[in-house]
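One structure is given below, encoded as structure tokens.
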Amino acid sequence: MNIILMIVAVALVYFFVVTLYRKNWSKNLKMNLNFESRNVIRGDSTNLVLTVSNAKKLPLAMINTKFQLDKSLYFTDIDTNSTTTDRTYRNDVFSLGPNQKITRRIPIKCLKRGVFTLDNLEIVFNGVFMDEVNVCKQDDTAFITVYPQAIDVNKLGIINNSLEGDLTKKKYLFEDKFAFRSIREYNYNDNLKSVNWKASAKTGQLMVNEYDETMSRNVCILLNLEKDRQLESLEIIENSIELCSGFATKFLKEGVNLSLYSNARDYLEGAEIKLTSGSGVAHLKTINALLARVDASKEKRDFKEIIKEVQIKRDSIYVIISANRQKELVDLINEKFKNDKDSLWVVPHFRGENISQFTELKSLEFEIDQNIGGKL
247 MNIILMIVAV ALVYFFVVTL YRKNWSKNLK MNLNFESRNV IRGDSTNLVL TVSNAKKLPL
307 AMINTKFQLD KSLYFTDIDT NSTTTDRTYR NDVFSLGPNQ KITRRIPIKC LKRGVFTLDN
367 LEIVFNGVFM DEVNVCKQDD TAFITVYPQA IDVNKLGIIN NSLEGDLTKK KYLFEDKFAF
427 RSIREYNYND NLKSVNWKAS AKTGQLMVNE YDETMSRNVC ILLNLEKDRQ LESLEIIENS
487 IELCSGFATK FLKEGVNLSL YSNARDYLEG AEIKLTSGSG VAHLKTINAL LARVDASKEK
547 RDFKEIIKEV QIKRDSIYVI ISANRQKELV DLINEKFKND KDSLWVVPHF RGENISQFTE
607 LKSLEFEIDQ NIGGKL
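Residue numbers (my numbering): 247 to 622.
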């Protein structure tokens, strides 16, 4: 009789505990996932911050947190918790007491540029007696923007002599209305908008404001990601993008006004990369964010159409980055820039490939070793 009562008591306790956990395990249980740095450069490392909190009195002996991310975000610690196929699938185990929060920082290395999201977040509880599977999906998402790794174009000889000289030659002087210098008498060459009416009333003759002059230097980058002839190479595309970032970094740090036009497409908006002239750190950040979002797999417009749309400005230097050297494109660019021999055509190509003289513009070869640029 005692044995029967004991069995009944154990069964009741088992049923009570199982029911209690089944109904309440996911209450006030949260999983939060974030990147420690939202913007990084290809090749940089950062931490993935995983936080799990159990805001109730019921302890959880073991739960699993699961999520997916792009395989180019590489776990650098001794990793036994993930598997990689088309994506990386991560599975971490936690033991949570009542009202406990646990935070883990998981180091990752960013092998490719792009915008990457964490998705399919879920918490799995296998039951208090490890005999069932309960899943709680999480709505939380996180993303990281990996900028291209800017190539140091200062190491390219032509940048430090010929192109620098051309920029200095084409610098453009204009009056800076915020840099007041003095007041002087009006002469017939002055614009009436410059008249200082208060000073004129005091002196009894027309007086005008004088302003300091500011130098403006302008560069326009034209980035072509069309394949060269029948071949399309990820390494060529990625190095073209990183050259673009390198030129942008150099010129913007030197106070040059920079614009960017390309037949590459933004994978978020689907539009072509197009950025009007600007300067400063914020402009560089915008350029790198646009380059990070380039989707190399999308169909690209014929670069000849981009060239035809360009309005040549006398005060600007044009930097063309294009591996494509098909005759029609070369002829069009030679014709378009025939009166602007100061501009530059940069040709990314694989080491050992013979590049003969193909354009009347100044040209620069940039050699690439195969299997670089973060290709997995």
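No residue lacks a Cβ here, since even glycine has one placed at the ideal position from N, Cα and C.
Predicted model, so just to flag it, every value in this text is computed and none were measured.
- Looking from the CA of Arg-268, the closest CA among Ala-396, Asn-380 and Thr-334 belongs to Asn-380.
- The residues Leu-469, Ser-486, Leu-489, Cys-490 and Val-592, in chain order, have a CB closer than 6 Å to that of Ile-567 in the same chain once the five nearest residues on each side in sequence are set aside.
- Per DSSP, Tyr-260 is one residue of the alpha helix (DSSP H) stretching across 248-270.
- Assignment of beta-bridge partners to Phe-281 by DSSP yields Leu-294.
- Distance from the CA of Asn-285 to the CA of His-529, rounded to the nearest whole angstrom, comes to 15 Å.
- One alpha carbon belongs to Gly-516, the other to Asn-310, and they sit about 37 Å apart.
- Judged by DSSP in its simplified three-state form, Lys-554 adopts helix.
- The continuous stretches of alpha helix (DSSP H) do not include Ile-354, which lies in the beta strand (DSSP E) extending over residues 346-356.
- Cβ atoms of Arg-350 and Leu-296 come within 8 Å of each other, at about 5 Å.
- Taking one beta carbon from each stretch, the stretch 376-392 and the stretch 555-564 have fewer than 3 pairs nearer than 8 Å; the two do not touch.
- Selection Thr-330, Glu-481 and Lys-473 evaluated against Gln-572 yields Lys-473 as nearest (Cα-Cα).
- For the options Ala-301, Thr-331, Asn-337 and Asn-270, the alpha carbon positioned closest to that of Phe-313 is the one of Asn-337.
- Contact between the stretch 535-548 and the stretch 358-371 is present: three or more C-beta pairs spanning the two stretches fall below 8 Å.
- In the DSSP assignment, the residues bridged to Ala-388 are Leu-364.
- Under the DSSP definition of a beta bridge, Asn-300 partners with Leu-275 and Gln-346.
- Cβ-Cβ separation between Lys-544 and Arg-511: approximately 4 Å, consistent with a contact (criterion under 8 Å).
- For the stretch 495-571, the full-length alpha helix (DSSP H) segments reaching 4 residues or more read 527-538 and 549-555 along the chain.
- With fewer than 16 other Cβ atoms inside 10 Å of its own Cβ, Thr-522 counts as exposed.
- The criterion of a C-beta distance shorter than 8 Å is satisfied by Ser-299 and Lys-276.
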